[in-house]
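**Student:**
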Ligand SMILES: NC(=O)c1ccc[n+]([C@@H]2O[C@H](COP(=O)([O-])OP(=O)(O)OC[C@H]3O[C@@H](n4cnc5c(N)ncnc54)[C@H](OP(=O)(O)O)[C@@H]3O)[C@@H](O)[C@H]2O)c1
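Residue numbers (the numbering used here): 216 to 490.
1) Could you give the first and the last residue of the continuous beta strand (DSSP E) run that contains residue 352?
2) Leaving aside the five residues before and after residue 447 along the sequence, list all residues of the same chain whose C-beta is less than 7 Å from its C-beta, in chain order.
3) With residue 493 and residue 248 assumed to form a contact (beta carbons below 8 Å), what rounded beta-carbon distance in angstroms separates them?
4) Excluding the 5 residues preceding and the 5 following residue 349 in the sequence, name in chain order all residues of the same chain whose CB lies nearer than 6 Å to its CB.
5) Does the segment 355 to 371 come close enough to the segment 454 to 469 to have 3 or more Cβ pairs within less than 8 Å?
6) Please report the straight-line C-alpha distance between residue 412 and residue 278, rounded to a whole angstrom.
7) Who are residue 372's beta bridge partners in DSSP?
8) Any idea what DSSP makes of residue 437, helix, strand or coil?
9) Which residue comes first and which comes last in the beta strand (DSSP E) that contains residue 272?
10) Kindly indicate which three-state DSSP category residue 221 falls into: helix, strand or coil?
11) Could you compute how far the alpha carbon of residue 465 sits from the alpha carbon of residue 266?
12) Roughly how many angstroms separate the alpha carbons of residue 309 and residue 316, rounded to a whole number?
13) In terms of alpha-carbon separation, which member of 371, 295, 468, 378 lies closest to residue 312?
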């Protein structure tokens, strides 16, 4: 019997690579995408040796508007179909809004919002037709919190993914396709090296930190149970619950105090490249 195939973006590192390991352990074949091809090849070999699963390696830059079509075509041309989709690739632009050129913000939105929606739009019809599908949109607890100073579009992009996932979850009812927004807090990965906040976030106490493996397990279990959202970790569940009962003005005041130190990198993002 052919194994189901899951397409994972941002599979060269962190949460995406952990998703690849988790799905492979559950018997799924993989389509691995990111820019760093050699890392994807190494992961594909590792998954073959460890779990006997097959992987397609599809290098792509998701800031390119044509990338989703290219990735999807590569899967179809290999004779496979997409049964699961983990929209995960991402990063944060450091510093305040005006520290970055518009082109950098536009590329950020293309990757963090449009590519997620586009890949979902491409892969969903096949899932609906076959009566089976799993879609995980890796959002963030930042999408459930008030705005923060620095990484200005990040929380809004993640909020959009959460609302998008909720709506799709409702639309997919009865089709066999499950849609989940995964909302991690601070997670060990390369994310904070790329967004230049490693020194600052390293000062956070241990209970603020999640491992990529626990984030992935929460996401996988939630999509299997057809939950439209999951927030991994007791600390973050508490923060989200607290935020729901606090007036916005109190939440904003707390974010003003906290996010200035945690998220506002002094460094200019001009010429910033990811990876
Ligand atoms: N770590 C956290 O604290 C945290 C918390 C909440 C949510 N998240 C979310 O979790 C997701 C994964 O992040 P992570 O923590 O695993 O960070 P990570 O270790 O830095 O991994 C990011 C992944 O995204 C890929 N990527 C970045 N830019 C890309 C582009 N232009 N085109 C294609 N792929 C690109 C990277 O691959 P290449 O560089 O090889 O292209 C890498 O595989 C992101 O959506 C992030 O917003 C992270």
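Just so you know, even glycine gets a beta-carbon here, dropped at the ideal spot from N, CA and C.
**Tutor:** The short version:
1) 348 to 353
2) Cβ within range, chain order: 399, 425, 429, 430, 433.
3) Limits of the chain in this structure are 216 at one end and 490 at the other, which puts residue 493 out of reach.
4) Closer than 6 Å at Cβ, skipping near neighbours: 299, 393, 438.
5) yes
6) The straight-line gap from Cα to Cα measures roughly 22 Å.
7) Answer is none; residue 372 lacks a bridge partner.
8) Note: residue 437 maps to helix in three-state DSSP.
9) 270 to 274
10) Strand, per DSSP.
11) 49 Å
12) 12 Å
13) Out of 371, 295, 468, 378, 371 has the C-alpha closest to the C-alpha of residue 312.
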